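Here the structure comes first, spelled out in structure tokens, and everything after it is commentary.
Protein chains: 2
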Amino acid sequence: MNAPRRRADATENRARILQAAREVIVNANEVRLNEIAKRAGVGQGTLYRHFPTREALLAEVYRKDVDDLVAAAPELLAEHEPLPALAGWLDRVAEYAKVKREVFAAVEAGVWQDLSAHSLGPIGEALTTLLDAGKAEGVIRPDVDARDIILLIGYLTRLEPAEWDARAHHLLRVILDGLRRHT
Amino acid sequence: MNAPRRRADATENRARILQAAREVIVNANEVRLNEIAKRAGVGQGTLYRHFPTREALLAEVYRKDVDDLVAAAPELLAEHEPLPALAGWLDRVAEYAKVKREVFAAVEAGVWQDLSAHSLGPIGEALTTLLDAGKAEGVIRPDVDARDIILLIGYLTRLEPAEWDARAHHLLRVILDGLRRHT
DNA sequence: CACCTAAACGGACACGTGTCCAGTTTACTG
DNA sequence: CAGTAAACTGGACACGTGTCCGTTTAGGTG
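Protein sequence lines, in the order shown, are assigned to chains A and B.
Numbers in the working numbering are just positions in the first sequence, counted from 1, shifted up by 19.
Numbers in the working numbering are just positions in the second sequence, counted from 1, shifted up by 19.
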């Protein structure tokens, strides 16, 4: 996955940056890139080379969460019909977004970058799996793809905490209704 | 519409800021708030008091466009059934967003602010009109409101120009399908 | 082992946004 | 018509992001 021929010190620095970021995130609630760089003992330039944007950094810090999310997709598919599986997965995404809204935005940005690079990325693949299962059974319209869903659920980023309960889940249902193949 | 008792000089300054903003927008393609303030002959503080955020300023500059959009809603309703009217209106919004993406984002932010202040604002009202017409005829699900739609179509802001044609219109259809009342 | 080169480094710097506050102007009041 | 409180003004300033570029160093070469 990593570029070939990376210098050893670079790898180490990258690790230290991530470590510092984790510490800053849990200790302070303000996440300042400069502070992370300082705490990691590197210059801003180094930080920015490893992670072009703040989102890239945050997304990497929470990569494990993302992995969990990705892993949940096949599990849900094994236990439920495609439509409920997709619904459940999206609910889980929403739940995650509710608690860690900043991270969610970061992950979203990361996914978006992957897509720009003509790669679906793990999240995109998980979504594709879910969608394909639904299409195969004819319960999901065939003309939607992972990117479409990601765009649609982007509203989670903008939801005010106060109105979360009233709208987040509900709008997910509306979207799912739009995704269904209506006989 | 304006707050009562505004000082005359303040009104004038506000007008000059808008004027300057218009000029900057058409001349340069970079819209820097500082530059606008300078050109208007006011300090940044003044600019920021009149328009708390850059979005507020841009939204005001393009208020006429917004008005046109709002005015289109009843016209569409007069000529078409509620569902096609809503579809047409959303298409129009999308068309607008395609051409003036920055402005669209600004307008969206403005709408969002209105809503925070427990006021629908013109756009929200136009949308409500369209939705109500559909609900009255039973073709639109009763449990959605203007805010819901605004959240959903927010994806337009994030769409890359390259993929606009492929997705913008298509996703609007998906959303509309979700909004329909399925018999 | 000395040398070389490209990758990696780091921190100063440029830039835009938004805040703050001391001074000024306005419009009302007695 | 002078006094006064509130509203307005303007620009310096604080802050975070991201860029740039001269310097350092890893790791291979003869």
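For each residue, glycine too, the CB sits at the ideal point set by N, CA and C.
None of these values were measured; they are calculated from a predicted model.
- Query: If the cut is a Cβ gap below 9 Å, which residues of chain A does residue 189 of chain B touch?
  - Reply: 162, 163 and 167
- Task: Work out the CA separation of residue 119 of chain A and residue 48 of chain A for me, nearest whole Å.
- Result: 12 Å
- Message: Taking a contact to mean a Cβ-Cβ separation below 7 Å, would you say residue 128 of chain A touches residue 74 of chain A in this structure?
- Response: A Cβ-Cβ contact shorter than 7 Å links residue 128 of chain A with residue 74 of chain A.
- Task: Pair every Cβ in the region 57 to 72 of chain B with every Cβ in the region 188 to 199 of chain A, then say whether three or more of these pairs are closer than 8 Å.
- Result: no
- Query: Name the chain B residues whose beta carbon is nearer than 9 Å to that of residue 201 of chain A?
  - Reply: Within 9 Å Cβ-Cβ: 196, 199 and 201.
- chain B beta carbons: is any one of them nearer than 7 Å to that of residue 21 of chain A? Low local confidence applies: a pLDDT of 38 at residue 21 of chain A is under 50, so the model's placement there is unreliable, with the coordinate-based value given in what follows. False, the Cβ-Cβ gap to chain B never drops below 7 Å.
- Query: Can you find a C-beta in chain A that's less than 7 Å from the C-beta of residue 193 of chain B?
  - Reply: Residue 193 of chain B has a beta carbon lying within less than 7 Å of a beta carbon in chain A.
- How about residue 173 of chain A: is its C-beta nearer than 7 Å to some C-beta of chain B? yes
- Counting contacts by CB-CB distance shorter than 7 Å, is residue 105 of chain A in contact with chain B? no
- Query: Are three or more beta carbon pairs between the region 168 to 178 of chain A and the region 172 to 187 of chain B nearer than 8 Å?
  - Reply: yes
- Within its chain, find whatever has a CB closer than 7 Å to the CB of residue 108 of chain B; leave out the 5 residues flanking it on each side and keep chain order. 91, 92, 95 and 149
- Reduced DSSP category for residue 200 of chain B - H, G, I as helix; E, B as strand; rest coil: It is coil, neither helix nor strand.
- Starting from residue 186 of chain B, find everything on chain A with Cβ-Cβ shorter than 8 Å and list it in chain order. 166, 167 and 170
- Query: At a CB-CB cut-off below 9 Å, which residues of chain A make contact with residue 178 of chain B?
  - Reply: 170
- Between the CA atoms of residue 132 of chain A and residue 28 of chain A - distance to the nearest angstrom: Residue 28 of chain A and residue 132 of chain A have their C-alpha atoms some 26 Å from each other.
- Query: What number of angstroms, rounded off, separates the C-alpha of residue 79 of chain A from the C-alpha of residue 100 of chain A?
  - Reply: 32 Å
- Can the beta-carbon of residue 145 of chain A be found less than 7 Å from the beta-carbon of residue 89 of chain A? yes
- Message: Against chain B, does residue 183 of chain A count as a neighbour if the rule is that its beta carbon must be under 7 Å from one of theirs?
- Response: no
- Message: Taking the alpha helix (DSSP H) that residue 69 of chain A belongs to, which residues open and close that run?
- Response: 63 to 69
- Message: Please list the terminal residues of the continuous alpha helix (DSSP H) segment that includes residue 39 of chain B.
- Response: 27 to 46
- Message: So, under 8 Å CB-CB, residue 36 of chain A and residue 69 of chain A are touching, yes? Tell me the CB distance rounded to an integer number of Å.
- Response: 6 Å
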